[in-house]
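Numbering (the numbering used here), first residue to last: 254 to 770.
The block underneath contains the structure these notes are about, expressed in C-alpha coordinates.
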(Lines of atoms letter the chains of each structure in order from A and count residues from 1; the text may use other names and numbers.)
(Lines give C-alpha, C1' and ligand atoms only; values in the text may rest on other atoms or scores of the structure.)
Protein backbone atom coordinates (compact mmCIF):
# COMPACT_ATOMS: atom_id res chain seq x y z
CA UNK A 1 0.00 0.00 0.00
CA UNK A 2 1.27 3.52 -0.73
CA UNK A 3 2.10 5.60 2.30
CA UNK A 4 0.16 8.66 3.39
CA UNK A 5 1.00 11.79 1.41
CA UNK A 6 2.21 13.62 4.50
CA UNK A 7 4.55 10.83 5.58
CA UNK A 8 6.36 9.78 2.40
CA UNK A 9 9.98 8.77 3.05
CA UNK A 10 10.92 7.63 -0.49
CA UNK A 11 12.41 4.33 0.71
CA UNK A 12 11.46 2.56 -2.52
CA UNK A 13 13.94 2.30 -5.42
CA UNK A 14 14.11 5.39 -7.61
CA UNK A 15 13.22 5.37 -11.32
CA UNK A 16 14.13 7.83 -14.05
CA UNK A 17 11.40 10.38 -14.71
CA UNK A 18 10.74 12.58 -17.75
CA UNK A 19 12.23 16.09 -17.64
CA UNK A 20 9.99 19.11 -17.16
CA UNK A 21 11.07 21.80 -19.60
CA UNK A 22 10.17 25.47 -19.40
CA UNK A 23 10.22 27.45 -22.67
CA UNK A 24 11.32 31.07 -22.22
CA UNK A 25 12.24 34.03 -24.37
CA UNK A 26 11.15 37.37 -25.80
CA UNK A 27 7.66 38.01 -27.15
CA UNK A 28 7.09 36.68 -30.70
CA UNK A 29 10.42 34.82 -30.82
CA UNK A 30 8.57 31.54 -31.45
CA UNK A 31 8.13 29.75 -28.12
CA UNK A 32 4.61 28.51 -28.82
CA UNK A 33 5.46 27.75 -32.45
CA UNK A 34 8.20 25.40 -31.25
CA UNK A 35 5.68 23.56 -29.07
CA UNK A 36 3.20 23.49 -31.95
CA UNK A 37 5.71 21.62 -34.06
CA UNK A 38 6.02 18.94 -31.44
CA UNK A 39 2.34 18.74 -30.52
CA UNK A 40 1.17 18.85 -34.15
CA UNK A 41 -1.55 21.26 -33.04
CA UNK A 42 -2.20 24.93 -33.68
CA UNK A 43 -2.20 26.58 -30.27
CA UNK A 44 -0.34 29.66 -31.58
CA UNK A 45 -2.97 30.38 -34.22
CA UNK A 46 -5.66 30.52 -31.55
CA UNK A 47 -3.82 32.90 -29.24
CA UNK A 48 -4.79 36.55 -29.66
CA UNK A 49 -2.00 38.61 -31.17
CA UNK A 50 0.17 35.49 -31.37
CA UNK A 51 0.85 35.78 -27.62
CA UNK A 52 0.42 32.90 -25.20
CA UNK A 53 -1.47 34.43 -22.30
CA UNK A 54 -1.63 31.68 -19.70
CA UNK A 55 0.65 28.86 -18.66
CA UNK A 56 -0.04 25.50 -20.28
CA UNK A 57 1.69 22.14 -19.79
CA UNK A 58 2.11 19.60 -22.59
CA UNK A 59 3.71 16.18 -23.08
CA UNK A 60 5.87 15.21 -26.06
CA UNK A 61 7.24 11.75 -26.89
CA UNK A 62 10.44 11.20 -28.86
CA UNK A 63 11.98 7.77 -29.55
CA UNK A 64 9.96 6.29 -26.70
CA UNK A 65 11.00 8.97 -24.18
CA UNK A 66 8.66 11.61 -22.78
CA UNK A 67 9.26 15.29 -22.07
CA UNK A 68 6.83 17.69 -20.39
CA UNK A 69 6.87 21.26 -21.66
CA UNK A 70 5.60 24.29 -19.77
CA UNK A 71 4.66 27.07 -22.17
CA UNK A 72 5.18 30.53 -20.62
CA UNK A 73 3.78 33.86 -21.75
CA UNK A 74 6.15 36.28 -23.43
CA UNK A 75 4.62 39.70 -22.73
CA UNK A 76 6.34 41.71 -20.00
CA UNK A 77 3.17 41.73 -17.89
CA UNK A 78 3.61 38.01 -17.28
CA UNK A 79 7.05 38.23 -15.69
CA UNK A 80 5.75 36.68 -12.47
CA UNK A 81 4.25 33.73 -14.34
CA UNK A 82 7.48 33.10 -16.22
CA UNK A 83 9.46 33.17 -12.99
CA UNK A 84 6.98 30.82 -11.33
CA UNK A 85 7.14 28.49 -14.34
CA UNK A 86 10.91 28.29 -14.03
CA UNK A 87 10.69 27.17 -10.39
CA UNK A 88 8.78 23.99 -11.27
CA UNK A 89 10.99 22.99 -14.21
CA UNK A 90 14.10 20.82 -14.51
CA UNK A 91 15.45 22.32 -17.74
CA UNK A 92 14.87 25.45 -19.81
CA UNK A 93 14.89 26.32 -23.49
CA UNK A 94 15.98 29.90 -24.09
CA UNK A 95 14.41 30.84 -27.42
CA UNK A 96 16.09 33.69 -29.33
CA UNK A 97 14.93 34.78 -32.79
CA UNK A 98 17.77 34.74 -35.34
CA UNK A 99 16.45 37.90 -37.01
CA UNK A 100 16.08 39.98 -33.83
CA UNK A 101 18.67 38.71 -31.36
CA UNK A 102 18.71 39.32 -27.62
CA UNK A 103 15.87 41.56 -26.38
CA UNK A 104 14.66 42.88 -23.03
CA UNK A 105 12.63 39.78 -22.13
CA UNK A 106 15.48 37.56 -23.32
CA UNK A 107 17.67 39.19 -20.68
CA UNK A 108 14.92 38.77 -18.09
CA UNK A 109 14.61 35.08 -18.98
CA UNK A 110 18.38 34.64 -18.61
CA UNK A 111 18.22 36.22 -15.15
CA UNK A 112 15.37 33.89 -14.09
CA UNK A 113 17.21 30.83 -15.44
CA UNK A 114 20.37 31.77 -13.55
CA UNK A 115 18.51 32.60 -10.35
CA UNK A 116 16.84 29.19 -10.39
CA UNK A 117 20.10 27.45 -11.40
CA UNK A 118 18.36 25.73 -14.31
CA UNK A 119 20.37 23.80 -16.90
CA UNK A 120 19.32 25.17 -20.29
CA UNK A 121 19.64 24.88 -24.04
CA UNK A 122 19.61 27.83 -26.45
CA UNK A 123 17.31 27.49 -29.46
CA UNK A 124 18.14 30.06 -32.13
CA UNK A 125 14.79 30.13 -33.92
CA UNK A 126 13.59 31.55 -37.27
CA UNK A 127 16.73 30.62 -39.24
CA UNK A 128 14.44 30.42 -42.27
CA UNK A 129 14.23 34.24 -42.29
CA UNK A 130 16.28 36.07 -44.92
CA UNK A 131 17.77 38.41 -42.29
CA UNK A 132 18.66 35.63 -39.83
CA UNK A 133 22.07 36.14 -38.21
CA UNK A 134 23.13 33.30 -35.89
CA UNK A 135 26.57 34.79 -35.24
CA UNK A 136 25.01 38.01 -33.97
CA UNK A 137 22.80 36.03 -31.56
CA UNK A 138 25.78 34.12 -30.17
CA UNK A 139 27.73 37.36 -29.75
CA UNK A 140 24.85 39.13 -27.96
CA UNK A 141 24.38 36.11 -25.68
CA UNK A 142 28.07 36.22 -24.82
CA UNK A 143 27.61 39.85 -23.78
CA UNK A 144 24.99 38.57 -21.29
CA UNK A 145 27.49 36.01 -19.95
CA UNK A 146 25.84 33.12 -21.81
CA UNK A 147 28.63 31.31 -23.67
CA UNK A 148 27.35 28.67 -26.07
CA UNK A 149 29.58 25.76 -27.04
CA UNK A 150 30.47 27.39 -30.37
CA UNK A 151 32.00 30.24 -28.33
CA UNK A 152 33.96 27.90 -26.10
CA UNK A 153 31.29 27.79 -23.39
CA UNK A 154 29.24 24.99 -21.87
CA UNK A 155 25.71 25.96 -22.98
CA UNK A 156 24.37 23.69 -25.75
CA UNK A 157 22.71 25.49 -28.64
CA UNK A 158 20.97 24.56 -31.86
CA UNK A 159 19.70 26.67 -34.76
CA UNK A 160 16.12 25.73 -35.65
CA UNK A 161 13.12 26.75 -37.68
CA UNK A 162 9.89 25.87 -35.94
CA UNK A 163 8.12 26.99 -39.10
CA UNK A 164 9.56 24.28 -41.38
CA UNK A 165 10.95 21.85 -38.77
CA UNK A 166 14.66 22.34 -39.45
CA UNK A 167 16.76 20.75 -36.63
CA UNK A 168 13.72 20.41 -34.35
CA UNK A 169 14.62 16.77 -33.60
CA UNK A 170 18.15 17.91 -32.74
CA UNK A 171 16.65 20.22 -30.09
CA UNK A 172 14.78 17.30 -28.51
CA UNK A 173 17.92 15.18 -28.49
CA UNK A 174 19.87 17.98 -26.78
CA UNK A 175 17.19 18.26 -24.12
CA UNK A 176 17.14 14.52 -23.45
CA UNK A 177 20.94 14.45 -23.25
CA UNK A 178 20.92 17.37 -20.79
CA UNK A 179 18.22 15.61 -18.75
CA UNK A 180 20.31 12.42 -18.59
CA UNK A 181 23.16 14.41 -17.05
CA UNK A 182 20.76 15.70 -14.36
CA UNK A 183 19.80 12.14 -13.29
CA UNK A 184 16.16 13.02 -12.59
CA UNK A 185 14.56 10.51 -10.19
CA UNK A 186 11.02 9.72 -9.00
CA UNK A 187 9.04 7.27 -6.87
CA UNK A 188 5.94 6.21 -8.87
CA UNK A 189 4.50 3.99 -6.11
CA UNK A 190 4.18 6.88 -3.68
CA UNK A 191 1.22 9.24 -3.35
CA UNK A 192 1.47 12.17 -5.74
CA UNK A 193 2.65 15.67 -4.92
CA UNK A 194 3.20 18.64 -7.16
CA UNK A 195 2.14 22.17 -8.06
CA UNK A 196 -0.76 24.09 -9.65
CA UNK A 197 0.32 25.57 -13.00
CA UNK A 198 -3.02 27.16 -13.98
CA UNK A 199 -6.57 27.57 -12.70
CA UNK A 200 -9.76 28.70 -14.40
CA UNK A 201 -13.56 28.89 -14.19
CA UNK A 202 -15.53 27.11 -16.92
CA UNK A 203 -19.29 27.78 -17.35
CA UNK A 204 -19.91 24.07 -18.12
CA UNK A 205 -17.35 22.28 -15.96
CA UNK A 206 -17.05 24.66 -13.03
CA UNK A 207 -13.76 25.36 -11.25
CA UNK A 208 -10.78 23.58 -12.77
CA UNK A 209 -7.00 23.58 -12.70
CA UNK A 210 -3.92 22.14 -14.38
CA UNK A 211 -1.61 20.29 -12.00
CA UNK A 212 1.96 19.17 -12.62
CA UNK A 213 2.96 16.03 -10.73
CA UNK A 214 6.47 16.32 -9.34
CA UNK A 215 6.64 12.87 -7.79
CA UNK A 216 4.45 9.85 -7.16
CA UNK A 217 1.29 8.79 -9.00
CA UNK A 218 -2.15 10.42 -8.89
CA UNK A 219 -5.07 7.98 -9.20
CA UNK A 220 -8.75 8.59 -9.84
CA UNK A 221 -10.73 8.68 -6.60
CA UNK A 222 -7.86 9.86 -4.41
CA UNK A 223 -8.09 13.08 -2.41
CA UNK A 224 -5.88 16.11 -2.95
CA UNK A 225 -5.01 18.81 -0.44
CA UNK A 226 -4.42 22.09 -2.29
CA UNK A 227 -3.62 24.86 0.17
CA UNK A 228 -6.20 23.99 2.84
CA UNK A 229 -8.88 22.76 0.42
CA UNK A 230 -9.62 19.04 0.03
CA UNK A 231 -10.53 17.97 -3.50
CA UNK A 232 -11.56 14.60 -4.93
CA UNK A 233 -9.82 13.51 -8.14
CA UNK A 234 -12.95 12.54 -10.07
CA UNK A 235 -13.07 14.51 -13.37
CA UNK A 236 -9.50 13.60 -14.27
CA UNK A 237 -7.92 14.20 -17.73
CA UNK A 238 -4.56 14.38 -19.42
CA UNK A 239 -3.34 17.53 -21.20
CA UNK A 240 -5.28 16.55 -24.35
CA UNK A 241 -8.54 16.49 -22.41
CA UNK A 242 -8.84 12.68 -22.51
CA UNK A 243 -10.19 10.92 -19.44
CA UNK A 244 -7.52 8.89 -17.57
CA UNK A 245 -7.38 6.83 -14.40
CA UNK A 246 -3.87 7.69 -13.24
CA UNK A 247 -0.83 9.83 -14.04
CA UNK A 248 2.77 9.51 -12.90
CA UNK A 249 5.81 11.73 -12.27
CA UNK A 250 6.25 14.81 -14.51
CA UNK A 251 2.76 14.43 -16.04
CA UNK A 252 0.45 17.43 -16.45
CA UNK A 253 -3.18 16.66 -15.57
CA UNK A 254 -6.44 18.59 -15.59
CA UNK A 255 -9.07 18.32 -12.87
CA UNK A 256 -12.53 19.88 -12.99
CA UNK A 257 -15.32 20.21 -10.45
CA UNK A 258 -13.08 21.63 -7.72
CA UNK A 259 -14.69 23.28 -4.69
CA UNK A 260 -12.19 26.17 -4.51
CA UNK A 261 -10.23 28.03 -7.19
CA UNK A 262 -6.58 27.29 -6.29
CA UNK A 263 -3.76 29.78 -6.57
CA UNK A 264 -1.20 29.31 -9.32
CA UNK A 265 2.04 28.00 -7.82
CA UNK A 266 0.24 26.38 -4.88
CA UNK A 267 1.54 22.96 -3.77
CA UNK A 268 -0.65 19.86 -3.54
CA UNK A 269 -0.44 16.44 -1.89
CA UNK A 270 -2.67 13.40 -2.39
CA UNK A 271 -4.15 10.92 0.07
CA UNK A 272 -5.94 7.59 -0.24
CA UNK A 273 -9.11 8.81 1.49
CA UNK A 274 -10.77 11.97 2.85
CA UNK A 275 -10.02 11.12 6.49
CA UNK A 276 -6.25 11.10 5.85
CA UNK A 277 -6.56 14.38 3.94
CA UNK A 278 -8.50 15.99 6.81
CA UNK A 279 -5.92 14.79 9.35
CA UNK A 280 -3.18 16.41 7.26
CA UNK A 281 -5.06 19.73 6.93
CA UNK A 282 -5.49 19.77 10.73
CA UNK A 283 -1.68 19.86 11.09
CA UNK A 284 -1.32 22.95 8.86
CA UNK A 285 -0.85 26.39 10.47
CA UNK A 286 -3.91 28.63 10.45
CA UNK A 287 -4.04 31.06 7.54
CA UNK A 288 -4.19 34.75 8.19
CA UNK A 289 -7.74 35.99 7.76
CA UNK A 290 -8.09 39.13 5.67
CA UNK A 291 -9.86 41.98 7.41
CA UNK A 292 -11.47 42.85 4.10
CA UNK A 293 -11.11 45.86 1.85
CA UNK A 294 -12.33 49.33 2.63
CA UNK A 295 -14.30 50.35 -0.44
CA UNK A 296 -14.51 53.91 -1.63
CA UNK A 297 -12.59 55.53 1.21
CA UNK A 298 -12.35 59.27 0.96
CA UNK A 299 -9.28 60.79 -0.61
CA UNK A 300 -8.24 64.24 -1.67
CA UNK A 301 -7.12 62.87 -5.03
CA UNK A 302 -9.41 61.00 -7.45
CA UNK A 303 -9.28 57.20 -7.20
CA UNK A 304 -9.56 54.83 -10.15
CA UNK A 305 -11.82 52.07 -8.82
CA UNK A 306 -11.70 48.86 -10.86
CA UNK A 307 -13.43 45.50 -10.89
CA UNK A 308 -11.23 43.01 -12.70
CA UNK A 309 -12.28 39.78 -14.42
CA UNK A 310 -9.96 37.44 -16.35
CA UNK A 311 -10.06 34.03 -17.99
CA UNK A 312 -7.55 32.32 -15.69
CA UNK A 313 -5.77 33.01 -12.42
CA UNK A 314 -2.38 33.67 -14.01
CA UNK A 315 -3.83 36.32 -16.32
CA UNK A 316 -5.70 37.93 -13.43
CA UNK A 317 -2.55 38.16 -11.31
CA UNK A 318 -0.53 39.64 -14.17
CA UNK A 319 -3.19 42.24 -14.98
CA UNK A 320 -3.60 43.20 -11.32
CA UNK A 321 0.12 43.79 -11.03
CA UNK A 322 0.29 45.93 -14.16
CA UNK A 323 -2.77 48.03 -13.26
CA UNK A 324 -1.29 48.77 -9.82
CA UNK A 325 1.84 50.09 -11.58
CA UNK A 326 -0.29 52.74 -13.32
CA UNK A 327 -0.95 54.55 -10.03
CA UNK A 328 0.40 58.09 -10.02
CA UNK A 329 0.67 61.03 -7.68
CA UNK A 330 -2.50 62.60 -9.05
CA UNK A 331 -4.69 59.45 -9.21
CA UNK A 332 -4.94 56.52 -6.81
CA UNK A 333 -5.87 52.99 -7.88
CA UNK A 334 -8.08 50.63 -5.91
CA UNK A 335 -8.96 47.14 -7.13
CA UNK A 336 -12.34 46.62 -5.48
CA UNK A 337 -12.81 43.08 -6.68
CA UNK A 338 -10.88 40.65 -8.82
CA UNK A 339 -12.02 37.29 -10.10
CA UNK A 340 -11.98 34.63 -12.80
CA UNK A 341 -14.85 34.20 -15.26
CA UNK A 342 -17.18 36.26 -17.44
CA UNK A 343 -18.47 39.72 -16.46
CA UNK A 344 -21.89 39.24 -14.85
CA UNK A 345 -24.85 41.30 -13.62
CA UNK A 346 -23.55 40.74 -10.08
CA UNK A 347 -20.29 42.54 -10.98
CA UNK A 348 -22.23 45.52 -12.32
CA UNK A 349 -24.50 45.71 -9.27
CA UNK A 350 -21.48 45.53 -6.97
CA UNK A 351 -19.85 48.38 -8.93
CA UNK A 352 -22.92 50.59 -8.51
CA UNK A 353 -22.07 51.10 -4.83
CA UNK A 354 -18.95 53.13 -5.62
CA UNK A 355 -18.28 56.15 -7.82
CA UNK A 356 -15.85 56.15 -10.76
CA UNK A 357 -15.89 52.37 -11.25
CA UNK A 358 -14.43 50.76 -14.36
CA UNK A 359 -15.00 47.08 -15.09
CA UNK A 360 -12.01 45.53 -16.87
CA UNK A 361 -12.35 42.15 -18.55
CA UNK A 362 -9.47 40.21 -20.09
CA UNK A 363 -10.32 37.30 -22.43
CA UNK A 364 -13.80 37.05 -20.93
CA UNK A 365 -17.33 37.56 -22.29
CA UNK A 366 -20.04 40.04 -21.30
CA UNK A 367 -23.67 39.47 -22.16
CA UNK A 368 -25.21 42.38 -24.17
CA UNK A 369 -27.85 42.89 -21.45
CA UNK A 370 -25.12 43.16 -18.80
CA UNK A 371 -23.19 45.68 -20.90
CA UNK A 372 -26.38 47.70 -21.39
CA UNK A 373 -26.96 47.71 -17.61
CA UNK A 374 -23.41 48.98 -17.08
CA UNK A 375 -23.88 51.75 -19.64
CA UNK A 376 -27.20 52.81 -18.04
CA UNK A 377 -25.34 52.98 -14.73
CA UNK A 378 -22.69 55.25 -16.34
CA UNK A 379 -19.89 52.69 -15.89
CA UNK A 380 -17.00 52.11 -18.22
CA UNK A 381 -16.44 48.55 -19.41
CA UNK A 382 -13.05 47.74 -20.94
CA UNK A 383 -12.63 44.31 -22.52
CA UNK A 384 -9.97 42.78 -24.75
CA UNK A 385 -7.93 39.71 -25.60
CA UNK A 386 -4.48 41.33 -25.85
CA UNK A 387 -3.08 42.51 -22.57
CA UNK A 388 -1.21 45.61 -23.75
CA UNK A 389 -4.34 46.88 -25.52
CA UNK A 390 -6.37 46.47 -22.33
CA UNK A 391 -3.65 48.27 -20.35
CA UNK A 392 -3.55 51.10 -22.92
CA UNK A 393 -7.31 51.59 -22.49
CA UNK A 394 -6.99 51.59 -18.68
CA UNK A 395 -4.10 54.08 -18.88
CA UNK A 396 -6.24 56.39 -21.05
CA UNK A 397 -9.05 56.38 -18.45
CA UNK A 398 -6.62 57.14 -15.62
CA UNK A 399 -5.05 59.96 -17.65
CA UNK A 400 -8.50 61.45 -18.27
CA UNK A 401 -8.99 61.72 -14.48
CA UNK A 402 -5.98 64.01 -14.07
CA UNK A 403 -6.54 67.74 -14.16
CA UNK A 404 -4.36 68.86 -17.06
CA UNK A 405 -1.18 70.63 -16.02
CA UNK A 406 0.45 69.82 -19.36
CA UNK A 407 -0.61 70.96 -22.81
CA UNK A 408 0.44 69.78 -26.24
CA UNK A 409 2.44 72.18 -28.41
CA UNK A 410 2.73 71.15 -32.08
CA UNK A 411 6.15 71.85 -33.61
CA UNK A 412 5.87 70.68 -37.21
CA UNK A 413 4.93 68.08 -39.82
CA UNK A 414 7.09 65.91 -42.04
CA UNK A 415 6.39 63.49 -44.87
CA UNK A 416 8.13 60.09 -44.83
CA UNK A 417 9.79 59.32 -48.18
CA UNK A 418 11.66 56.10 -47.37
CA UNK A 419 11.81 53.42 -44.68
CA UNK A 420 15.22 51.84 -44.12
CA UNK A 421 15.03 49.33 -41.29
CA UNK A 422 13.08 48.21 -38.25
CA UNK A 423 14.27 46.41 -35.14
CA UNK A 424 11.40 45.84 -32.73
CA UNK A 425 9.87 49.26 -32.05
CA UNK A 426 12.96 51.16 -33.30
CA UNK A 427 12.60 52.31 -36.92
CA UNK A 428 14.95 54.23 -39.19
CA UNK A 429 13.13 56.36 -41.79
CA UNK A 430 13.84 59.38 -43.96
CA UNK A 431 11.72 62.27 -45.16
CA UNK A 432 11.24 66.00 -45.63
CA UNK A 433 9.91 68.62 -43.20
CA UNK A 434 6.80 70.19 -44.75
CA UNK A 435 6.16 72.79 -42.04
CA UNK A 436 7.64 73.88 -38.73
CA UNK A 437 10.49 71.79 -37.29
CA UNK A 438 11.33 68.28 -36.14
CA UNK A 439 13.08 68.26 -32.77
CA UNK A 440 15.30 65.60 -31.25
CA UNK A 441 13.60 63.92 -28.25
CA UNK A 442 10.14 65.21 -29.16
CA UNK A 443 7.07 63.02 -29.53
CA UNK A 444 5.43 62.16 -32.85
CA UNK A 445 2.08 60.83 -33.94
CA UNK A 446 1.77 58.90 -37.19
CA UNK A 447 -0.89 60.00 -39.68
CA UNK A 448 -1.86 57.72 -42.57
CA UNK A 449 -4.56 58.66 -45.07
CA UNK A 450 -5.60 61.53 -42.77
CA UNK A 451 -6.10 59.10 -39.87
CA UNK A 452 -3.99 59.15 -36.71
CA UNK A 453 -2.70 55.66 -35.89
CA UNK A 454 -2.88 54.38 -32.31
CA UNK A 455 0.09 54.93 -30.00
CA UNK A 456 2.67 57.72 -30.00
CA UNK A 457 6.34 57.56 -30.93
CA UNK A 458 9.48 59.36 -29.78
CA UNK A 459 12.34 60.77 -31.87
CA UNK A 460 15.36 58.93 -30.47
CA UNK A 461 17.93 60.29 -32.96
CA UNK A 462 17.65 63.02 -35.61
CA UNK A 463 20.12 63.59 -38.47
CA UNK A 464 20.55 66.07 -41.29
CA UNK A 465 23.16 65.40 -43.99
CA UNK A 466 24.17 62.33 -41.93
CA UNK A 467 25.13 64.55 -38.99
CA UNK A 468 23.40 64.70 -35.62
CA UNK A 469 20.89 67.54 -35.44
CA UNK A 470 18.83 68.93 -32.58
CA UNK A 471 16.32 70.37 -35.06
CA UNK A 472 15.54 70.07 -38.77
CA UNK A 473 13.53 72.94 -40.25
CA UNK A 474 10.91 73.31 -42.98
CA UNK A 475 12.07 72.36 -46.49
CA UNK A 476 14.99 70.20 -45.29
CA UNK A 477 15.42 66.46 -45.63
CA UNK A 478 16.34 64.30 -42.65
CA UNK A 479 16.93 60.82 -41.30
CA UNK A 480 15.36 59.82 -38.01
CA UNK A 481 15.33 56.92 -35.54
CA UNK A 482 11.82 56.66 -34.10
CA UNK A 483 10.65 54.48 -31.20
CA UNK A 484 7.04 53.59 -32.05
CA UNK A 485 4.87 50.48 -31.81
CA UNK A 486 3.12 51.27 -35.11
CA UNK A 487 5.08 50.45 -38.27
CA UNK A 488 5.90 53.63 -40.21
CA UNK A 489 5.35 53.50 -43.99
CA UNK A 490 6.45 55.68 -46.91
CA UNK A 491 3.83 58.39 -47.42
CA UNK A 492 2.99 58.68 -43.72
CA UNK A 493 2.99 62.08 -42.04
CA UNK A 494 4.85 62.54 -38.76
CA UNK A 495 3.34 65.25 -36.57
CA UNK A 496 6.02 66.41 -34.11
CA UNK A 497 4.99 67.85 -30.74
CA UNK A 498 6.06 68.40 -27.14
CA UNK A 499 4.12 68.63 -23.90
CA UNK A 500 4.63 71.81 -21.92
CA UNK A 501 3.69 72.68 -18.35
CA UNK A 502 0.74 75.08 -18.24
CA UNK A 503 2.40 76.82 -15.29
CA UNK A 504 5.56 77.42 -17.33
CA UNK A 505 3.57 78.67 -20.33
CA UNK A 506 1.58 81.07 -18.13
CA UNK A 507 4.79 82.35 -16.57
CA UNK A 508 6.32 82.88 -20.02
CA UNK A 509 3.20 84.71 -21.22
CA UNK A 510 3.24 86.98 -18.16
CA UNK A 511 6.93 87.70 -18.76
CA UNK A 512 6.20 88.67 -22.38
CA UNK A 513 3.40 90.99 -21.24
CA UNK A 514 5.73 92.60 -18.70
CA UNK A 515 8.37 93.18 -21.38
CA UNK A 516 5.75 94.64 -23.77
CA UNK A 517 4.52 96.97 -21.04
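C-beta atoms are modelled at their ideal positions from N, C-alpha and C, and glycine is treated no differently.
Since we're looking at a predicted model, the values are computed, not measured.
Buried or exposed for residue 435, going by 16 or more other Cβ atoms inside 10 Å? On the chain shown, position 182 is the one that residue 435 refers to. Exposed: under 16 other Cβ atoms inside 10 Å.
Contact check, residue 680 vs residue 741 under 8 Å by CB: the rounded distance? In the chain shown, the residue the question calls residue 680 occupies position 427. In the chain shown, the residue the question calls residue 741 occupies position 488. With a Cβ gap of about 5 Å, residue 680 and residue 741 count as contacting.
Note down the Cα distance separating residue 402 from residue 408, rounded to an integer number of angstroms. Stepping through the chain shown from its first residue, residue 402 is reached at position 149. Stepping through the chain shown from its first residue, residue 408 is reached at position 155. Using only the alpha carbons, I get a separation of about 6 Å.
Other residues of its chain near residue 684: CB distance less than 8 Å, five sequence neighbours each side excluded: Your numbering for residue 684 matches position 431 in the chain shown. Here the set comprises 667, 668, 669, 670, 671, 730, 731, 733 and 747.
Quick one: give me the first and last residue of the alpha helix (DSSP H) that residue 433 is part of. Taking the first residue of the chain shown as 1, we reach residue 433 at position 180. In the DSSP assignment, residue 433 falls within the unbroken alpha helix (DSSP H) covering 421-435.
In this structure, how does DSSP classify residue 665 when only helix, strand and coil are distinguished? Taking the chain shown and counting its residues from 1, the one referred to as residue 665 is at position 412. In the structure shown, residue 665 sits in a strand (DSSP, three-state: E or B).
Skipping 5 residues on each side, what residues in its chain have a beta carbon closer than 7 Å to that of residue 830? A question about residue 830 goes unanswered here, because the residues of the chain that appear run from 254 up to 770.
Between the region 436-443 and the region 388-406, can you find at least three pairs of beta-carbon atoms closer than 8 Å? With the rule of 3 Cβ pairs closer than 8 Å, the region 388-406 does not count as touching the region 436-443.
Hey, out of 621, 615, 664 and 633, whose CA is closest to residue 641's CA? As a working note, residue 641 is residue 388 in the chain shown. Of the candidates 621, 615, 664 and 633, the one whose C-alpha sits nearest the C-alpha of residue 641 is 615.
If contacts are defined as beta-carbon pairs under 8 Å, then residue 446 and residue 468 qualify, I think. What distance do you get, rounded to the angstrom? Mapped onto the chain shown, residue 446 falls at position 193. Mapped onto the chain shown, residue 468 falls at position 215. Residue 446 to residue 468, Cβ: 6 Å. Contact.
Which residue comes first and which comes last in the alpha helix (DSSP H) that contains residue 389? In the chain shown, the residue the question calls residue 389 occupies position 136. Counting along the chain, the alpha helix (DSSP H) containing residue 389 begins and ends at 387-396.
By DSSP, does residue 714 sit in helix, in strand, or in coil? Taking the first residue of the chain shown as position 1, residue 714 is located at position 461. Strand at residue 714.
Top-ranked residue by Cα proximity to residue 504, from 470, 517 and 414: Within the chain shown, residue 504 is the residue found at index 251, counting from 1. Taking only the C-alpha atoms, the option nearest residue 504 is 470.
Spatial neighbours of residue 202 within its chain, please: C-beta separation below 8 Å, excluding the five flanking residues on both sides. Residue 202 is absent from the model: the chain starts at 254 and stops at 770.
So, for residue 371: in the same chain, excluding its five sequence neighbours on each side, which residues have a beta-carbon less than 7 Å away from its beta-carbon? Here residue 371 refers to the residue found at position 118 of the chain shown. Excluding sequence neighbours, residue 371 sits near 339, 342, 344 and 345.
Whole angstroms are fine: how far does the CA of residue 706 sit from the CA of residue 682? As a first step, residue 682 must be located in the chain shown, where it is residue number 429. As a first step, residue 706 must be located in the chain shown, where it is residue number 453. Cα-Cα distance, rounded: 17 Å.
From which residue to which residue does the beta strand (DSSP E) around residue 655 run? As a first step, residue 655 is located in the chain shown; it is residue number 402 there, counting from the start. Per DSSP, residue 655 belongs to no beta strand (DSSP E) and is neither H nor E.
Return helix, strand or coil for residue 562, following the three-state DSSP convention. Sequence index remark: in the chain shown, residue 562 carries index 309 (1-based). Strand, per DSSP.
What are the boundary residues of the alpha helix (DSSP H) that residue 292 is part of? Counted from its first residue, the chain shown places residue 292 at position 39. 284-292 is the span of the alpha helix (DSSP H), which, as asked, contains residue 292.
Neighbourhood of residue 267 by C-beta distance below 6 Å, restricted to the same chain and skipping five residues each side: Taking the chain shown and counting its residues from 1, the one referred to as residue 267 is at position 14. Closer than 6 Å at Cβ, skipping near neighbours: 438.
For residue 694, count neighbouring C-beta atoms within 10 Å of its own C-beta (all shown protein chains included) and say buried if the count is 16 or more, exposed if not. Sequence index remark: in the chain shown, residue 694 carries index 441 (1-based). Around the beta carbon of residue 694, fewer than 16 other beta carbons lie within 10 angstroms, which makes this residue exposed.
Straight-line CA distance for residue 643 to residue 715? In the chain shown, counting from the first residue as 1, residue 643 sits at position 390. In the chain shown, counting from the first residue as 1, residue 715 sits at position 462. A direct Cα-Cα distance of roughly 32 Å separates residue 643 from residue 715.
Does DSSP put residue 703 in a helix, a strand or coil? Here residue 703 corresponds to residue number 450 of the chain shown, with the count starting at 1. Coil, per DSSP.
Residue 341 by DSSP, collapsed to three states: which one? Here residue 341 refers to the residue found at position 88 when the chain shown is read from its first residue. Three-state DSSP puts residue 341 in coil, outside helix and strand.
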